[in-house]
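Printed below as a string of structure tokens:
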């Protein structure tokens, strides 16, 4: 059977950088499965919205795939048990957040049996379900965007259906150095990726899908091509994009593939596209066709500080310590632990943090980055040349220093994707991305403060309105009583006034 070739490299990404890949060291082995650990730590917030609410208690025995916490709010997602065992704690635990704070987690002591929950009785073929029912089913699987945004997939798809859509784009572009989990997933589980694409197209009522891979991934391109030839679904097309960072960003990918520009502050759905990571697509296939919720993922364990770099299939909730130990442990030169890649990852100070749905890479470096002494901006314009969003980072920097919210919004700070390209080329060693991130945080603080002030204003006005209504009601009642007493004679009026005086006196005493 012939293999359809991927289309040639598409278009040109504005700006960006060609970075050393550093991926071959972790792709020499097949994906290795980590055994079920002795303990699993499952954060209640592994998604973009509010933390999920536990539905199990301490001491309860749970099965693999059992619901542990149900979503709370519109952007929340359920959390499922990654293996069978006993819930021993629901407590605060270190997690890989940007500022290193702890978060509530469910801790399971695994029994080693890995006993699964009973299969659902309503496992109907996906193409027999109407799109709305299929979307609701996807929502129940705890699936989030595995490319890093962790937006609940079911909610994202439901919102997308409110817009006129044309294309589903599966993102297999791993442009950040060291990370290779999607590459290995496409090599070894191409059929699951394409099966998820068919499910997504049915749920969104779409007839066109692009599976997009970087041109430096020939093995993944070959595997997807062979799976497409076997599948025979002409609606799905394999495409390549240039190997340049950050071509894997949603907006950049849409422009490269469809030549459509996502508007400032907008979403790919504004130009008729829905973008999903290839890992998300495979997770949807396993949930819809095999009944397994999102309880494991492929993660790259790499860096010069790891003895045996590799890609692993690990249970959600496995501690980073167990993950690194499986990869041979740290070597003597290990200095820094990063969750994610070197450009957008988060540095953590402990390997007690658990692997979560968003963990695409565990990177161990042998030396901490050495930053040059920050110097004044010389207006060279290098940062503007590499910005993939075509912003003016030097202008944003000045307005961030001045805390000028109005100008920052005018110059598009909210469109910054924090890719870090401007940091790498700045000859003055200015930490531009950090400055922009802090400015965004101040934006959010101001928005939260305004929201709190608005809630306080509404409460104050509501209280005043209630008091005014009660006063008017008392006056109406008094007028009615006076009118009734007038008919009854002077003694009745005196009696009513005395009762009212006594009532008020009792309130004052209380």
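In our numbering, the protein residues as written are 54 to 563.
Every residue, glycine too, gets a C-beta built ideally from N, C-alpha and C.
Does the Cβ of residue i have 16 or more other Cβ atoms within 10 Å, making it buried, or fewer, making it exposed?
i	result
residue 250	buried
residue 54	Interpretation of residue 54 is limited by its pLDDT of 39, a score under 50 that renders its predicted location unreliable; no figure is taken from the coordinates.
residue 171	exposed
residue 362	buried
residue 564	Since the first and last residues shown for the chain are 54 and 563, residue 564 lies out of range.
residue 482	exposed
residue 556	exposed
residue 330	buried
residue 533	exposed
residue 90	buried
residue 341	buried
residue 506	exposed
residue 489	buried
residue 508	exposed
residue 339	buried
residue 454	exposed
residue 554	exposed
Only counting the same chain, and skipping five residues up and downstream in sequence, which positions put a Cβ closer than 7 Å to that of residue i?
i	result
residue 114	139
residue 349	135, 366, 367, 368, 369
residue 233	76, 79, 80, 227, 353, 364
residue 344	172, 173, 176
residue 270	236
residue 155	145, 146, 147, 148
With C-beta atoms as the reference, is residue i less than 8 Å away from residue j?
i	j	result
residue 277	residue 264	yes
residue 358	residue 418	yes
residue 430	residue 474	no
residue 202	residue 101	yes
residue 196	residue 333	yes
residue 37	residue 121	Residue 37 falls outside the range modelled here, since the chain spans only 54 to 563, and no answer is possible.
residue 478	residue 414	no
residue 379	residue 84	no
residue 267	residue 294	yes
residue 123	residue 105	yes
residue 463	residue 318	no
residue 569	residue 128	For residue 569 there is no data in the structure shown, the boundaries of the chain being 54 and 563.
residue 149	residue 493	no
residue 219	residue 325	yes
residue 137	residue 164	yes
residue 245	residue 186	no
residue 256	residue 225	no
Which residues in the same chain as residue i place their Cβ atom closer than 6 Å to its Cβ, once the five residues preceding and following it in sequence are excluded?
i	result
residue 322	213, 216
residue 395	230
residue 472	299
residue 58	Residue confidence for residue 58 is low, a pLDDT of 45 falling below 50, so the modelled location carries little weight; the figure read from the coordinates is stated next. Within the same chain, residue 58 has no close Cβ partners at all.
Going along the chain, which residues of its own chain have a beta-carbon closer than 8 Å to the beta-carbon of residue i, five neighbours each way excluded?
i	result
residue 432	447
residue 383	358, 359, 360, 377, 417
residue 111	140, 141, 142, 143
residue 16	Nothing can be reported for residue 16: it is not among the residues displayed for the chain, which extend from 54 to 563.
Could you pull the start and end residues of the beta strand (DSSP E) that residue i belongs to?
i	result
residue 367	363 to 368
residue 92	92 to 96
residue 465	Premise fails: residue 465 is in no beta strand (DSSP E) and is neither H nor E.
residue 417	414 to 418
residue 163	155 to 163
residue 582	Any property of residue 582 remains undetermined from this structure, which presents the chain solely from 54 to 563.
residue 263	262 to 267
residue 125	Where residue 125 is concerned, there is no enclosing beta strand (DSSP E), given that its DSSP letter is neither H nor E.
Could you give the first and the last residue of the continuous alpha helix (DSSP H) run that contains residue i?
i	result
residue 240	234 to 241
residue 209	206 to 213
residue 350	Unbroken run through residue 350 is the beta strand (DSSP E), 349 to 355; no alpha helix (DSSP H).
residue 185	184 to 192
- request: Flag this pair as touching only if the segment 231 to 244 and the segment 373 to 381 have three or more C-beta atom pairs under 8 Å; answer yes or no.
  value: no
message: Closer than 8 Å is the cut-off here; do at least three beta carbon pairs connect the segment 204 to 212 with the segment 180 to 191?
response: Yes, they touch.
message: Under 8 Å: do the segment 91 to 100 and the segment 64 to 77 share three or more Cβ pairs, one atom per stretch?
response: no
field: Three CB pairs or more closer than 8 Å across the segment 272 to 286 and the segment 306 to 313
entry: At 8 Å Cβ cutoff, the stretches do not touch.
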